[in-house]
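**Q** Okay, here's the structure, questions in a sec.
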Amino acid sequence: ASNVATPLHLLQPTNLVIQIHKCLITDDPRLPKIKIMGELQKIAVSVSEDRLLTLCEILVSMPLPQSEEATQLKASDSKGSSLSLLKYLDPVE
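Right, dumping it as structure tokens:
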């Protein structure tokens, strides 16, 4: 893979940094189980008018999905954790 841009490239070569964090406390609903963070420093796009019009034609020709009624989420009574961070700390002597 080369980092050299050509006239045929729609999206120029770029860098993407992704970090994934996993929570050690698994039964506390207030904490996310997984956290994903991404950083995209810049996006360079080279588009001609013809390509843009063709893209618009393709997007308009796609059928849209039929929307269904949204399902209601019920509130959870669980707000605490049975795992304690204190058990991971060294005991005070």
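Counting from 5, one number per residue, gives the positions in the sequence shown under the numbering used here. Positions of the beta carbon are idealized from the N, C-alpha and C atoms, including for glycine.
#1: Identify every residue that forms a DSSP beta bridge with residue 43.
#2: Taking the alpha-carbon positions, what's the residue 43 to residue 24 distance?
#3: Whole angstroms is fine: what's the gap from residue 27's alpha carbon to residue 37's?
#4: For residue 30 and residue 70, I'd like the C-alpha separation in whole angstroms.
#5: Whole angstroms are fine: how far does the CA of residue 10 sit from the CA of residue 18?
#6: Just to check my reading of the structure: residue 49 and residue 15 have Cβ atoms closer than 8 angstroms, yes? What is that Cβ distance to the nearest angstrom?
#7: Helix, strand or coil, according to DSSP, for residue 28 in the structure here?
**A** Result, derived from the coordinates:
#1: Bridge partners of residue 43 according to DSSP: 21.
#2: Rounded to whole angstroms, residue 43 to residue 24 spans 12 angstroms at the Cα level.
#3: If you take the alpha carbons of residue 27 and residue 37, they lie about 5 angstroms apart.
#4: Each residue's Cα considered, the two are about 36 angstroms apart.
#5: Looking at the two C-alpha atoms, the distance is approximately 14 angstroms.
#6: Right, the Cβ-Cβ distance comes to about 6 angstroms (below 8 angstroms), so this counts as a contact.
#7: DSSP places residue 28 in coil when its eight states are reduced to three.
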